[in-house]
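The opening residue of the sequence shown carries number 1 in my numbering; numbering runs sequentially from there. Glycine included, C-beta positions come from ideal geometry on N, C-alpha and C. Just so it is clear, the structure is predicted and the values come from calculations on it, not from any experiment.
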Amino acid sequence: MGKKSRKQRQSVESAPKVRRAEVPYVERPFEGIPAEPDLVAMREVIPAATMPVRTTEEYGAREVLLVTLLPDMLPALHREDGTVLVALQTRMHTGDASRDVAAALLDALELEPGTPLTTAELPEPGPRLQDVLVLDAPFEITVHDTFDYWLTEEAKQEEGVGHALEHANEEIVPTVKVDGVDHAYWVRMGREFVRWARPEDQERVLDALARLHAARASAIADGAKFVGAFRSCGILIPVWELAPGTEADELPGPMAAFGTAFDKALASTEPLTAEERRARAGIVSRQVALR
1 MGKKSRKQRQ SVESAPKVRR AEVPYVERPF EGIPAEPDLV AMREVIPAAT MPVRTTEEYG
61 AREVLLVTLL PDMLPALHRE DGTVLVALQT RMHTGDASRD VAAALLDALE LEPGTPLTTA
121 ELPEPGPRLQ DVLVLDAPFE ITVHDTFDYW LTEEAKQEEG VGHALEHANE EIVPTVKVDG
181 VDHAYWVRMG REFVRWARPE DQERVLDALA RLHAARASAI ADGAKFVGAF RSCGILIPVW
241 ELAPGTEADE LPGPMAAFGT AFDKALASTE PLTAEERRAR AGIVSRQVAL R
């Protein structure tokens with residue numbers, strides 16, 4: 001290496017690095033979005049689902065498809081047919097999941113059709129989903145039993161693509177949205193479970209569960225038992241193990257009845273009894289914090 005080249009290299013290496021601004025931590029990142037519990041469920045406990053959303057006029061009034069997962073954990077994909085897919089399950093995370101998804105969404109809008117978003121850098125502070133999306137539009141989640149939403153029909157016919165998609169589909173844990181019950185998802189993992197994402201404050205949900213558990217009324221259906229809860233993005237996702245063989249279409253009636261009792265327990269302002277406090281401590285010990 002010549003003297004001039006060495007000097008240039010030394011100059012580059014000695015130049016001060018620009019420090020990127022960090023995104024502030026937000027405990028409940030999707031708060032204020034009507035679909036908050038479903039977004040958390042898509043991020044944490046549902047393998048394959050989609051939710052169409054629309055950006056505001058300021059951000060182009062574009063139709064976008066939020067999804068659980070994309071190939072290779074991509075943050076976003078501008079599909080060949082022009083559809084923009086933005087994933088909630090990705091490898092890169094700041095302290096604010098809403099900012100992460102919004103940054104990927106805005107970057108994906110600038111991509112040419114047929115291009116994945118492969119950036120590995122974390123975003124800096126900027127607009128969040130609450131700023132980017134039309135919040136008074138419907139937020140409707142669709143749970144899928146395949147990852148077919150990844151590709152157009154033409155792309156599925158390409159050599160090797162069909163086999164790769166089939167392999168990915170084999171890894172999906174069977175999951176079904178419980179009909180008529182908001183934010184509740186039946187899952188089969190050897191045994192059957194239901195996971196119910198709750199929008200209420202975590203402490204209130206814990207108190208309500210404790211009241212019901214102490215009264216031996218925490219079973220969501222005949223033969224079911226409350227087994228614990230996931231905690232993520234500032235909300236709780238209580239989990240019940242169901243009677244062996246229980247199917248999702250058997251749950252709407254029992255869950256509606258349980259929901260009435262649960263709402264009553266949520267509304268109670270009475271201090272917890274000693275037995276209820278013990279039940280609450282047991283529930284807290286069975287919480288699993290996700291990410």
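Here the alpha carbon of H93 sits roughly 27 angstroms from the alpha carbon of M189. Counting along the chain, the unbroken alpha helix (DSSP H) around I283 starts and ends at 274-285.
Contact check for D131 against A102 passes: the beta carbons are separated by less than 9 angstroms. Taken in chain order, the unbroken stretches of beta strand (DSSP E) that lie wholly in the segment 132-185 and span 3 residues or more are 175-177.
Nearest to D179 by alpha-carbon distance, out of A248, H213, E36, L117, is A248. Proximity of the segment 131-142 to the segment 112-120 falls short of the contact definition, fewer than three beta-carbon pairs being nearer than 8 angstroms. The beta-bridge partner set that DSSP reports for L69 is empty. Contact between K225 and A217 fails: their C-beta atoms lie close to 12 angstroms from each other, not under 8 angstroms. Beta-bridge pairing by DSSP links I237 to F230. At a Cβ-Cβ threshold of 9 angstroms, E80 and T152 count as neighbours.
Scanning the segment 56-131 for uninterrupted alpha helix (DSSP H) segments of 4 residues or longer gives 97-109, listed from N- to C-terminal end.
For the pair P52 and E63, the CB atoms are nearer than the 9 angstroms cut-off. At a Cβ-Cβ threshold of 9 angstroms, E22 and G95 count as neighbours. Boundaries of the alpha helix (DSSP H) harbouring T260: 252-267, taken from the DSSP string. In chain order, L117 place their CB closer than 6 angstroms to the CB of D107, counting only its own chain and leaving out the 5 sequence neighbours on each side. DSSP places R204 in the uninterrupted alpha helix (DSSP H) bounded by 202-214.
For P52, the enclosing beta strand (DSSP E) stretches over residues 49-54. Rounded to the nearest whole angstrom, the CA to CA distance from V227 to I283 is 8 angstroms. In the DSSP annotation of this structure, the continuous segment of the beta strand (DSSP E) that includes E192 starts and ends at 191-196.
Shown here, V187 sits in a strand according to DSSP, grouped into three states.
For V26, the secondary structure class from DSSP, reduced to helix, strand or coil, is coil. Among the bridge pairs identified by DSSP, V288 is matched with F230. When C-alpha distances from G234 are compared across R20, E31, P24, the shortest belongs to E31. For L66, the number of other beta carbons within 10 angstroms of its own is at least 16, and it is reported as buried. A210 is a Cβ neighbour of E276, given a cutoff of 9 angstroms.
Counting along the chain, the unbroken alpha helix (DSSP H) around E44 starts and ends at 36-44.
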